[in-house]
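With UniProt numbering, letter number 229 in the sequence shown gets 229, and the count goes up by one each step, no holes. By construction, the Cβ of each residue, glycine as well, lies at the ideal position given by its N, Cα and C atoms. Below: one structure, written as structure tokens.
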Amino acid sequence: MQMPLLPDIHDPQESARARAEELRRLLEHHNRMYYVLDAPEVTDADYDALFRELQAIEEQHPGLVTPESPTQRVGGSALDKFAPLPHRLPMLSLENATNEEEIREFDQRVKKILALPAEAEVGYVCEPKMDGLAVELVYENGVLAVASTRGDGLTGEDVTANIRTIRSLPLRLSGKAAPHLLEVRGEVYLSLEAFQHINREKEENGEPPFANPRNAAAGSLRQLDPRITARRPLSVFCYAPGVGEGTSFDSQQEFFAFIGAKGLPVNPLVRQVTGIEAAVAYYREMQERRESLPYEIDGTVIKVDSYALQRELGEKSRSPRWAIACKFPPRQAETVVEDIVPSVGRTGVITPVAHLRPVVVSGVTVARATLHNWDEIAAKDIRIGDAVLVERAGDVIPAVVRVLTEKRTGRELPLPPPQTCPECGSEVVRIADEVAVRCMGLSCPPQIRESIIHFASRNAMDIEGLGEKFIEQLLSLGLVHNVADIYRLTRDDFMRFERMGDKLAGNLLAAIDNSKQRELGRFIFALGIRHVGERTAKTLAQSYGSLENLEQATIEELTGIRDIGATVAQSIRTFFDNRDNVAVVRRLQEAGVAPTAEEKRVGGRLSGKSFVFTGGLARFTRDQARRIVEDEGGHVVGSVSRKTDYVVAGEEPGSKLDKARELGVAVLSEAQFSELVQKTD
Ligand code: IVH
1 MQMPLLPDIH
11 DPQESARARA
21 EELRRLLEHH
31 NRMYYVLDAP
41 EVTDADYDAL
51 FRELQAIEEQ
61 HPGLVTPESP
71 TQRVGGSALD
81 KFAPLPHRLP
91 MLSLENATNE
101 EEIREFDQRV
111 KKILALPAEA
121 EVGYVCEPKM
131 DGLAVELVYE
141 NGVLAVASTR
151 GDGLTGEDVT
161 ANIRTIRSLP
171 LRLSGKAAPH
181 LLEVRGEVYL
191 SLEAFQHINR
201 EKEENGEPPF
211 ANPRNAAAGS
221 LRQLDPRITA
231 RRPLSVFCYA
241 PGVGEGTSFD
251 SQQEFFAFIG
261 AKGLPVNPLV
271 RQVTGIEAAV
281 AYYREMQERR
291 ESLPYEIDGT
301 VIKVDSYALQ
311 RELGEKSRSP
321 RWAIACKFPP
331 RQAETVVEDI
341 VPSVGRTGVI
351 TPVAHLRPVV
361 VSGVTVARAT
371 LHNWDEIAAK
381 DIRIGDAVLV
391 ERAGDVIPAV
401 VRVLTEKRTG
411 RELPLPPPQT
421 CPECGSEVVR
431 IADEVAVRCM
441 GLSCPPQIRE
451 SIIHFASRNA
461 MDIEGLGEKF
471 IEQLLSLGLV
481 HNVADIYRLT
491 RDDFMRFERM
501 GDKLAGNLLA
511 AIDNSKQREL
521 GRFIFALGIR
531 HVGERTAKTL
541 AQSYGSLENL
551 EQATIEELTG
561 IRDIGATVAQ
571 SIRTFFDNRD
581 NVAVVRRLQE
591 AGVAPTAEEK
601 RVGGRLSGKS
611 FVFTGGLARF
621 TRDQARRIVE
631 DEGGHVVGSV
641 SRKTDYVVAG
651 EEPGSKLDKA
661 RELGVAVLSE
671 AQFSELVQKT
681 D
């Protein structure tokens, strides 16, 4: 058979291939605009629509799936361990300079070796020194083939699956001509925002938090389960070439221009300068800007720009002679722990907070430090009255690095973990596997306070204007006792506040009223169910379509959902098994809170339809069946009710089939189900 010379646009397979190809290009482009250039051209919803269209094509034509498809960023299952991966070229380290004088000495050494006069001005490239982990990325014919950590410099670990989850990194290089081989080194890091978010979640879950963003990035990159890494928004900046075939650069600047054009992320603060004084000025400037950057840097790196000169300078065994790391002084200071005060959070976790003698750490006055939990206090042996070293390391609240035990007088007092809640006097417990001490009191004031603040917050119900200050007044006037009370507030209630005007009261009431129709995901998140963060809440909303459905979910069904494990499932069940919680939810509903269902695909063929599966399926796994339904806008629920649209009965169906018949719900065989989802009208 003769192959057609041009693609046959009428061949459905061919048009699917062409569309998939186009979608991949579009998605990579929008990814780059969003994650690298911070200049999105489309809304999230538009992006999602393109993504789902590609997913649907790939599901129908599995032969079209390519490893570099944006749908394949998170794939595979957990590993037992990382495989070793040798570097073609050793990954070197850098020598350090710790002050301006040492930077100037570096310049003198460079000029001496190059036999340049003392007054010569060398061309340098200055870069922020990212405080993360070095990685090597290998692109073969334009496609990301493998990625590894630095390891001992000669052999690293294969972290390809995890690196693929980094959204700002192209899985395929942009531009037409791809080099045969391109090795690029860079630094993987976590933004401060992501770091703080991860730690907040960890603390709520009673897990020990990461000490700084670098550790959090390392922990995330060295996660054996790439699905966990995918939930940690890692980023990367590329800064050095490895081996290349089909590429050649004459300078660091040229290298940056090339990789930038290929879509690889390059730090926009990179600057070419002439002469060492300009490099010193850059170092000073970055030290000032350090405080306002969205990520941690621990210095700057100065590199001789010309690669010809770099070759002439050569390398020592561990570090090149053509570059130097200019380290900033650590953001540490010495002070005294004046008190240790337990503070109760929204989920009842009691966190010990050190009240410090105020001290200035790189321009910021520090008066508090989180001690995280009592295990940490014991491990560091921190006592009231201790002289300590505190550090600002990416966290809003600084941490105690260590106790200066040599300064002990013997009068320091250890603080044992509390036996009862310092706020409400209830029993406290320490849950197995958790480091946290938790207050179990249902009416513990700070827990209620925090849960209402959380409910009204921007990412939850987004009740504009109803912040901490007003919530505290509502509580102290006895106007609210739980989140449902918010919806019963009247203008007169607000007018009891000090300095409240008619207009502001009106705005607050309007904001409360507006929040009644938030998306279901936000509402679920707002309820503050332990272990249910924003993302899980959204997944639950998409899977269940209504709060009523979620309330009935069994542990088994919940754990059947992607990304939901046993702990989360148990916590959801526990929440809805608690009568007080259900009562609050009912009162919210009675007050008119009616969250809107999030449909996976607007106008999907199964939009708004609910399915129950019973018995074994031959052609799909349960997970696949669920995804098919969800991708078409439907949702899968666990038990049959009058509201169920279809019950799909596989082999050896259970009592759900009887229930369906009893209630007159449509029953589909597996064949009928697959016909329903495959119709292409
Ligand atoms: S260049 C031979 N550039 O700092 C050149 N390194 O202390 C090797 N780092 O191992 C590295 N930002 O992990 C370079 N802009 C940057 C950097 C950078 C951070 C890290 C890197 C390296 C370490 C050396």
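Burial is judged here by how many other beta carbons sit within 10 angstroms of a residue's own beta carbon; Arg109 has fewer than 16 and is exposed. At a Cβ-Cβ threshold of 9 Å, Pro352 and Leu415 count as neighbours. Rounded to the nearest whole angstrom, the CA to CA distance from Val122 to Glu100 is 17 Å. The Cβ-Cβ distance between Pro67 and Met286 does not fall below 9 Å. The beta-carbon separation of Val435 and Gly206, rounded to 6 Å, stays under the 8 Å limit for a contact.
When the Cα atoms are used, Gly528 and Val568 turn out to be separated by approximately 12 Å.
Fewer than three beta-carbon pairs drawn from the segment 435-455 and the segment 210-223 are found closer than 8 Å, and the two stretches are therefore not classed as touching. Within a 10 Å sphere around the beta-carbon of Glu670 sit 16 or more other beta-carbons, which makes this residue buried. In the three-state reduction of the DSSP assignment, Lys327 falls in the strand class, which pools E and B. Take the alpha-carbon of Leu663 and the one of Ile628: they are about 25 Å apart. Of the other Cβ atoms in all chains shown, 16 or more fall within 10 Å of the Cβ of Ala553; this residue is therefore buried.
Ranked by how close their Cα comes to the Cα of Asp462, the residues Thr490, Phe258, Arg522, Ser476 have Arg522 in first place.
For Val629, the Cβ stays outside the 8 Å cut-off from all heavy atoms of the ligand IVH.
Taking all protein chains shown into account, Thr229 has 16 or more neighbouring C-beta atoms within 10 Å of its C-beta and is therefore buried. Boundaries cannot be given for Ala432, as no alpha helix (DSSP H) includes it and DSSP labels it neither H nor E.
The continuous beta strand (DSSP E) containing Pro86 extends over residues 84-86.
A distance criterion of 8 Å places the beta-carbon of Phe249 beyond contact range of the ligand IVH, judged by its closest non-hydrogen atom. Rounded to the nearest whole angstrom, the CA to CA distance from Arg25 to Ser343 is 50 Å. Of the residues assessed, Arg392 falls on the buried side of the cut-off, its CB having 16 or more other CB atoms within 10 angstroms. Short of 8 Å from the beta carbon of Val301, and not among the five residues preceding or following it, lie these beta carbons of its own chain, in chain order: Leu94, Cys126, Glu127, Pro128, Lys129, Tyr239, Ala323, Ile324, Ala325, Cys326. Setting aside the 5 residues that flank it on each side, Ile397 is surrounded in the same chain by Arg368, Ala369, Thr370, each with a C-beta closer than 7 Å to its C-beta; the list follows chain order. With a threshold of 8 Å, the Cβ atom of Arg214 does not count as near the ligand IVH, since no heavy atom of the ligand is closer than that.
Going by C-alpha positions, Ile471 is about 42 Å away from Phe328. Glu136 sits close to His87, with the two beta carbons spaced by under 9 Å. Residue Ala56 holds the alpha-carbon nearest to the alpha-carbon of Arg17 among Gly219, Ala56, Val36, Gly186. For Ile340, no alpha helix (DSSP H) encloses it; the enclosing beta strand (DSSP E) starts and ends at 332-344. For Ile113, the three-state secondary structure derived from DSSP is helix.
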